[in-house]
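Enquirer: Here it is, the structure in full.
There are 2 protein chains.
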Amino acid sequence: MDTSASTIAAATAPNGINGTVNGHTHKEKVTIVGSGNWGSAIASIAAKNTLRHSKQFDPEVIMWIFEEDYEGKPLSQVINETHENPRYLPGIHLGDNVIAQPNMEEALKDATALIFVLPHQFLRGVLKQLKGKVNENARAVSLIKGVDVQGHMIKTFPALISEELGISCSSLSGANIANEVAQEKFSESTLGVPAPEGFTDDVNHLPDAMLWKPLFDTKTFRINVVPDVEGVGLCGALKNIVAVAAGFVDGLDWGSNAKAAIMRIGMNEVKDFCLEYFPTTQAATFLEESCGIADIITSSLGGRNRQVAEAMVKRGKTFHELEPEMLKGQKLQGPQTALDVHEFLLTKGTKRPNGYPLFEAVWKICYEDAKPETLIDNL
Amino acid sequence: MDTSASTIAAATAPNGINGTVNGHTHKEKVTIVGSGNWGSAIASIAAKNTLRHSKQFDPEVIMWIFEEDYEGKPLSQVINETHENPRYLPGIHLGDNVIAQPNMEEALKDATALIFVLPHQFLRGVLKQLKGKVNENARAVSLIKGVDVQGHMIKTFPALISEELGISCSSLSGANIANEVAQEKFSESTLGVPAPEGFTDDVNHLPDAMLWKPLFDTKTFRINVVPDVEGVGLCGALKNIVAVAAGFVDGLDWGSNAKAAIMRIGMNEVKDFCLEYFPTTQAATFLEESCGIADIITSSLGGRNRQVAEAMVKRGKTFHELEPEMLKGQKLQGPQTALDVHEFLLTKGTKRPNGYPLFEAVWKICYEDAKPETLIDNL
Numbered sequence: 001m002d003t004s005a006s007t008i009a010a011a012t013a014p015n016g017i018n019g020t021v022n023g024h025t026h027k028e029k030v031t032i033v034g035s036g037n038w039g040s041a042i043a044s045i046a047a048k049n050t051l052r053h054s055k056q057f058d059p060e061v062i063m064w065i066f067e068e069d070y071e072g073k074p075l076s077q078v079i080n081e082t083h084e085n086p087r088y089l090p091g092i093h094l095g096d097n098v099i100a101q102p103n104m105e106e107a108l109k110d111a112t113a114l115i116f117v118l119p120h121q122f123l124r125g126v127l128k129q130l131k132g133k134v135n136e137n138a139r140a141v142s143l144i145k146g147v148d149v150q151g152h153m154i155k156t157f158p159a160l161i162s163e164e165l166g167i168s169c170s171s172l173s174g175a176n177i178a179n180e181v182a183q184e185k186f187s188e189s190t191l192g193v194p195a196p197e198g199f200t201d202d203v204n205h206l207p208d209a210m211l212w213k214p215l216f217d218t219k220t221f222r223i224n225v226v227p228d229v230e231g232v233g234l235c236g237a238l239k240n241i242v243a244v245a246a247g248f249v250d251g252l253d254w255g256s257n258a259k260a261a262i263m264r265i266g267m268n269e270v271k272d273f274c275l276e277y278f279p280t281t282q283a284a285t286f287l288e289e290s291c292g293i294a295d296i297i298t299s300s301l302g303g304r305n306r307q308v309a310e311a312m313v314k315r316g317k318t319f320h321e322l323e324p325e326m327l328k329g330q331k332l333q334g335p336q337t338a339l340d341v342h343e344f345l346l347t348k349g350t351k352r353p354n355g356y357p358l359f360e361a362v363w364k365i366c367y368e369d370a371k372p373e374t375l376i377d378n379l
Numbered sequence: 001m002d003t004s005a006s007t008i009a010a011a012t013a014p015n016g017i018n019g020t021v022n023g024h025t026h027k028e029k030v031t032i033v034g035s036g037n038w039g040s041a042i043a044s045i046a047a048k049n050t051l052r053h054s055k056q057f058d059p060e061v062i063m064w065i066f067e068e069d070y071e072g073k074p075l076s077q078v079i080n081e082t083h084e085n086p087r088y089l090p091g092i093h094l095g096d097n098v099i100a101q102p103n104m105e106e107a108l109k110d111a112t113a114l115i116f117v118l119p120h121q122f123l124r125g126v127l128k129q130l131k132g133k134v135n136e137n138a139r140a141v142s143l144i145k146g147v148d149v150q151g152h153m154i155k156t157f158p159a160l161i162s163e164e165l166g167i168s169c170s171s172l173s174g175a176n177i178a179n180e181v182a183q184e185k186f187s188e189s190t191l192g193v194p195a196p197e198g199f200t201d202d203v204n205h206l207p208d209a210m211l212w213k214p215l216f217d218t219k220t221f222r223i224n225v226v227p228d229v230e231g232v233g234l235c236g237a238l239k240n241i242v243a244v245a246a247g248f249v250d251g252l253d254w255g256s257n258a259k260a261a262i263m264r265i266g267m268n269e270v271k272d273f274c275l276e277y278f279p280t281t282q283a284a285t286f287l288e289e290s291c292g293i294a295d296i297i298t299s300s301l302g303g304r305n306r307q308v309a310e311a312m313v314k315r316g317k318t319f320h321e322l323e324p325e326m327l328k329g330q331k332l333q334g335p336q337t338a339l340d341v342h343e344f345l346l347t348k349g350t351k352r353p354n355g356y357p358l359f360e361a362v363w364k365i366c367y368e369d370a371k372p373e374t375l376i377d378n379l
């Protein structure tokens with residue numbers, strides 16, 4: 001990681017973007033919007049890096065928290081006393097410089113680096129609250145998995161954040177099981193940052209790369225930068241459809257040739273879908289990066305979508321029936337995303353010669369009672 | 001699959017290439033050179049397809065067999081009586097039209113479609129025997145995993161076959177565990193065929209695609225054609241280095257983020273290595289096809305290279321020590337390929353900015369007693 005280059009650039013970058021405001025050097029102030037499993041893991045990383053890059057960052061990392069009770073105390077108080085989030089990331093020291101803050105206005109005061117990492121269904125409400133209250137020189141990054149669907153429109157969360165708050169927004173996604181990242185096991189993640197059209201220089205020198213890469217990159221959490229915000233944002237949603245398909249293969253006992261084939265076919269549908277409907281995305285983001293193929297691999301091997309889909313086949317139940325017992329009331333994302341994509345394709349059509357047969361088969365098995373064996377019929 | 005197109009084209013293609021010889025329609029005669037696990041599985045598929053495409057193929061599929069004893073009888077006799085290969089693919093009916101033939105000259109007589117599927121160490125000897133005895137209008141396909149290394153030269157087997165016999169040679173490789181293919185579980189494979197430079201039409205219409213695709217493609221064994229013989233041939237060798245690296249990750253208990261990262265990084269090194277040194281290869285072969293990413297996935301999840309590498313870490317032994325007990329005297333391909341690549345890179349150098357750090361780390365851990373933890377040091 002090119003730390004020295006980032007630090008130098010932060011001190012010399014133009015007004016209001018990075019480094020100086022009204023001639024005074026300022027440091028980036030980090031606020032994390034969200035405090036769940038992944039939010040807490042990322043807080044522990046950011047807290048190390050604000051100390052490590054102390055010329056660029058204010059050491060304090062504020063973590064906005066939706067207050068709840070933990071063994072008779074407010075969770076924020078427990079976190080600030082123990083420097084641990086015992087509810088969502090037990091056993092991991094977050095860093096003494098992580099401050100839990102349940103008041104959103106307080107949490108956002110002076111923040112210039114906003115990390116959005118909350119369940120997607122809460123995002124629109126939070127953005128409404130934040131509108132007009134965010135520093136004009138602030139920048140954001142979205143770690144939220146999923147896409148925003150309104151009617152037949154599909155929008156990525158970084159695009160939504162950027163639109164609603166009027167600030168630049170990047171995205172971070174990868175083969176990242178939060179607990180493994182927090183335990184400092186070797187992981188990678190992909191950072192998608194905005195780039196001017198036709199940009200061909202070193203992406204690490206893009207302004208938003210020089211903010212976020214030093215904040216996230218560590219020896220065991222390697223950040224690779226790509227100039228493709230949308231692509232990184234889309235991967236995290238669409239991979240869940242592939243994971244459901246992989247779960248069907250497991251349920252059918254079709255073996256590892258078939259499993260690998262489904263991952264490969266799924267990856268190509270994810271790539272082609274994004275290239276067809278999101279013209280700024282790049283094939284390499286899906287084929288070569290952690291947010292693409294690597295995340296498809298982990299989600300298709302472990303993960304809840306795979307697990308519930310396997311149970312659908314083996315136990316002959318619908319995912320609606322399995323959700324309450326297997327996910328404690330949480331909703332499975334894969335089937336919903338397959339439905340969103342199906343309805344989107346109905347209105348948009350496709351130029352892909354064979355359509356998106358894996359996406360469509362997953363939708364049909366989940367919502368139209370098609371037999372799991374039909375998964376490969378149109379491939 | 002476009003059967004009718006293949007059949008029509010076979011009947012109308014130019015002299016000596018396909019379909020007619022001296023004005024007489026002839027049928028392709030298939031001989032399989034090799035009769036092990038994969039050879040027998042592919043025989044069972046070819047035997048179905050010669051019957052299905054009876055206008056294009058002579059129904060008989062000859063399987064050359066290196067004679068051995070099976071429970072007191074010659075194995076070839078057992079196969080011809082039972083239509084099963086009880087030594088290498090027990091429980092699978094090969095087809096009544098598969099004929100085992102231990103005499104190589106007999107096996108090759110009149111053959112126009114030669115399938116090479118034998119252990120790589122026997123290939124040069126067999127080619128020497130065949131030289132000058134093969135029909136001039138014959139074509140070949142290599143299913144052999146590995147590469148031919150002479151000194152510091154790396155050559156693919158299709159290139160070697162083509163050179164030695166003076167005939168066109170394609171290659172077939174994919175995420176193909178032989179038993180699953182033989183049991184008609186869903187699988188895919190990639191067929192690399194020769195193409196004229198700058199060819200942009202439908203690859204399924206290339207002459208060698210029109211021979212091999214109808215012979216291999218079935219409802220459960222899907223063949224995708226790419227105009228990249230070398231790329232398909234190289235994948236099957238280089239993926240074993242990645243599988244060794246994946247095994248080290250398992251041995252170190254680094255978890256699934258790390259495992260997915262190593263597969264991703266490995267795939268990119270395979271792709272970059274081939275693009276750098278084999279100029280006819282194409283990135284998509286590695287990134288998008290079954291022979292590339294899908295085979296890397298299966299080999300890194302199952303497979304002997306992964307398994308022995310895991311044991312190296314967990315039991316603190318070298319692969320030389322583990323080979324006899326874990327592989328019954330067979331040789332592990334991954335370490336050898338890592339050594340071949342290392343020596344090749346020593347003489348050739350590389351323009352890749354960071355070199356091939358995963359390939360090099362695997363070599364160093366296998367041959368220079370480097371600690372497995374160093375796997376990621378230079379990534």
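Line by line, the protein sequences are chains E and L.
With the UniProt record's numbering applied, the first sequence corresponds to residues 1 to 379, in that order.
With the UniProt record's numbering applied, the second sequence corresponds to residues 1 to 379, in that order.
Ideal placement from N, C-alpha and C gives every residue a C-beta, glycine not left out.
All values derive from a computational prediction rather than experimental measurement.
(1) Under 9 Å, Cβ to Cβ, is there at least one residue of chain A near E:Glu-289?
(2) How would you call L:Ile-376, buried or exposed, if buried means at least 16 neighbouring beta carbons within 10 angstroms?
(3) E:Asp-201: buried (16+ other C-beta within 10 angstroms of its C-beta) or exposed?
(4) Does DSSP classify L:Lys-88 as helix, strand or coil?
(5) My output table needs one value for E:Arg-52: the three-state DSSP class, helix, strand or coil.
(6) So does the stretch 170-188 of chain L actually touch the stretch 281-291 of chain L, counting three or more Cβ pairs closer than 8 Å?
(7) According to DSSP, simplified to helix, strand and coil, what is E:Glu-163?
(8) Looking at the structure shown, is E:Trp-38 part of a helix, part of a strand, or coil, going by DSSP?
(9) What residues in the stretch 187-199 of chain L have a beta carbon less than 7 Å from any beta carbon of chain E?
(10) Could you work out which residue in L:Glu-163, L:Ser-44, L:Lys-155, L:Tyr-88 is closest to L:Gly-132 when comparing CA atoms only?
(11) At a Cβ threshold of 9 Å, is E:Ile-42 touching chain L?
(12) Any idea if L:Ser-54 is buried or exposed, counting beta-carbon neighbours within 10 angstroms, 16 or more meaning buried?
(13) Judging by CA-CA distance, which residue of E:Ser-189, E:Met-326, E:Gly-125, E:Leu-130 is the nearest neighbour of E:Ala-107?
(14) Between E:Leu-346 and chain L, is any beta-carbon pair separated by less than 9 Å?
(15) Report buried or exposed for L:Arg-306, applying the criterion of at least 16 other Cβ atoms within 10 angstroms of its Cβ.
(16) Does any heavy atom of the ligand COA sit closer than 8 Å to the C-beta of E:Val-61?
(17) Would E:Leu-301 count as contacting chain L if we go by Cβ distances under 9 Å?
(18) Which residue's Cα is closest to the Cα of E:Lys-29: E:Gln-77, E:Ser-76, E:Ile-99, E:Asn-268?
(19) Considering only the alpha carbon of each residue, which of L:Met-104, L:Ala-245, L:Thr-112, L:Asp-110 lies closest to L:Gly-125?
(20) Go through its chain and collect everything with a Cβ distance to E:Asp-369's Cβ below 7 Å, but skip five positions before and after it.
(21) Going along the chain, which residues of its own chain have a beta-carbon closer than 7 Å to the beta-carbon of L:Ile-223, five neighbours each way excluded?
(22) E:Ser-256 touches chain L at which residues, Cβ-Cβ below 8 Å?
(23) Can you look up L:Thr-318 in the DSSP assignment and give me helix, strand or coil?
(24) Check whether the Cβ atoms of L:Val-270 and L:Pro-227 sit closer than 9 Å, and answer yes or no.
(25) Does L:Phe-186 pass the burial test, meaning 16 or more other C-beta atoms within 10 Å, or should it be called exposed?
(26) Assign L:Asn-378 to one of two classes, buried (16 or more other C-beta atoms within 10 Å of its C-beta) or exposed (fewer than that).
(27) Do E:Ile-332 and E:Arg-304 have their C-beta atoms closer together than 9 Å?
(28) Are the CB atoms of L:Lys-145 and L:His-120 within a distance shorter than 9 Å?
(29) My parser needs the beta strand (DSSP E) runs of 3 or more residues fully inside the stretch 186-224 of chain L; what are they?
(30) Going along chain E in order, which residues have a C-beta closer than 7 Å to the C-beta of L:Lys-185?
(31) Leaving out five residues on either side along the sequence, give the residues of the same chain with a beta carbon under 8 Å from the beta carbon of E:Ser-76.
Expert: On the basis of the coordinates in this document:
(1) Looking at the structure shown, chain A is missing, and the protein chains on hand are E and L.
(2) Against the second sequence, residue 376 of chain L aligns to sequence position 376. Counting C-beta atoms within 10 angstroms of its own C-beta, L:Ile-376 has 16 or more neighbours from the protein chains shown and is therefore classed as buried.
(3) Translated into the one-based positions of the first sequence, residue 201 of chain E becomes position 201. For E:Asp-201, the number of other beta carbons within 10 angstroms of its own is below 16, and it is reported as exposed.
(4) To locate residue 88 of chain L, count along the second sequence from 1; it is residue 88. The sequence shown places Tyr at residue 88 of chain L, rather than the Lys named in the question. Note: L:Tyr-88 maps to coil in three-state DSSP.
(5) On the first sequence, position 52 is the one that residue 52 of chain E refers to. Three-state result, E:Arg-52: helix.
(6) Contact between the stretch 170-188 of chain L and the stretch 281-291 of chain L is established, with three or more Cβ pairs separated by less than 8 Å.
(7) In the first sequence, the residue the question calls residue 163 of chain E occupies position 163. If DSSP states are grouped into helix, strand and coil, E:Glu-163 belongs with the helices.
(8) As a working mapping, residue 38 of chain E is identified with position 38 in the first sequence. Shown here, E:Trp-38 sits in a helix according to DSSP, grouped into three states.
(9) Cβ contacts with chain E come from Ser-187, Glu-188.
(10) Taking the first residue of the second sequence as 1, we reach residue 132 of chain L at position 132. L:Gly-132 has its Cα closest to that of L:Glu-163, out of L:Glu-163, L:Ser-44, L:Lys-155, L:Tyr-88.
(11) Sequence index remark: in the first sequence, residue 42 of chain E carries index 42 (1-based). Chain L contact via Cβ: absent.
(12) Stepping through the second sequence from its first residue, residue 54 of chain L is reached at position 54. With fewer than 16 other Cβ atoms inside 10 Å of its own Cβ, L:Ser-54 counts as exposed.
(13) What you label residue 107 of chain E is simply residue 107 of the first sequence in a count that begins at 1. For E:Ala-107, the nearest C-alpha among the options comes from E:Leu-130.
(14) Translated into positions along the first sequence, residue 346 of chain E becomes position 346. No, no contact with chain L.
(15) Here residue 306 of chain L refers to the residue found at position 306 of the second sequence. Buried, by the Cβ-count rule.
(16) Annotation note on the ligand COA: not contained in the displayed structure, which lists no ligands.
(17) Within the first sequence, numbered from 1, the residue matching residue 301 of chain E stands at position 301. So, interface residue.
(18) Residue 29 of chain E sits at position 29 when you count from the first residue of the first sequence. If you compare the alpha carbons of E:Gln-77, E:Ser-76, E:Ile-99, E:Asn-268 with that of E:Lys-29, the shortest gap goes to E:Ile-99.
(19) What you label residue 125 of chain L is simply residue 125 of the second sequence in a count that begins at 1. Nearest option by C-alpha distance: L:Met-104.
(20) If you number the first sequence from 1, residue 369 of chain E lands on position 369. Excluding positions up to five away in sequence, the list is empty.
(21) The residue given as residue 223 of chain L occupies position 223 in the second sequence. Cβ neighbours of L:Ile-223 beyond the five flanking positions: Ser-189, Leu-191, Lys-213, Phe-216, Asp-217.
(22) Numbered from its first residue, the first sequence carries residue 256 of chain E at position 256. Near E:Ser-256 (Cβ distances below 8 Å), the residues of chain L are Ala-175, Ile-177, Glu-180, Thr-298, Leu-301, Gly-302.
(23) Your numbering for residue 318 of chain L matches position 318 in the second sequence. Three-state DSSP puts L:Thr-318 in coil, outside helix and strand.
(24) Along the second sequence, one-based indexing puts residue 270 of chain L at 270. Along the second sequence, one-based indexing puts residue 227 of chain L at 227. A distance of 9 Å or more separates the beta carbons of L:Val-270 and L:Pro-227.
(25) Start at 1 with the first residue of the second sequence, and residue 186 of chain L comes out as number 186. For L:Phe-186, the number of other beta carbons within 10 angstroms of its own is at least 16, and it is reported as buried.
(26) Taking the second sequence and counting its residues from 1, one reaches residue 378 of chain L at position 378. Here L:Asn-378 is exposed, its C-beta having fewer than 16 other C-beta atoms within 10 Å.
(27) The sequence position of residue 332 of chain E within the first sequence is 332, counting from 1. The sequence position of residue 304 of chain E within the first sequence is 304, counting from 1. According to the sequence as given, residue 332 of chain E is Leu; it is not Ile. Yes, Cβ-Cβ distance for E:Leu-332 and E:Arg-304 is below 9 Å.
(28) One-based indexing of the second sequence puts residue 120 of chain L at position 120. One-based indexing of the second sequence puts residue 145 of chain L at position 145. Taking 9 Å as the Cβ cut-off, L:His-120 and L:Lys-145 qualify as a contacting pair.
(29) Unbroken beta strand (DSSP E) runs of no fewer than 3 residues, entirely contained in the stretch 186-224 of chain L, are found at 187-192, following chain order.
(30) Here residue 185 of chain L refers to the residue found at position 185 of the second sequence. The answer, in chain order, is Trp-254, Gly-255, Asn-257, Ala-258.
(31) Counting from 1 along the first sequence, the entry for residue 76 of chain E is found at position 76. Only Ile-65, Glu-67, Ala-100, Gln-101, Pro-102 meet the Cβ criterion.
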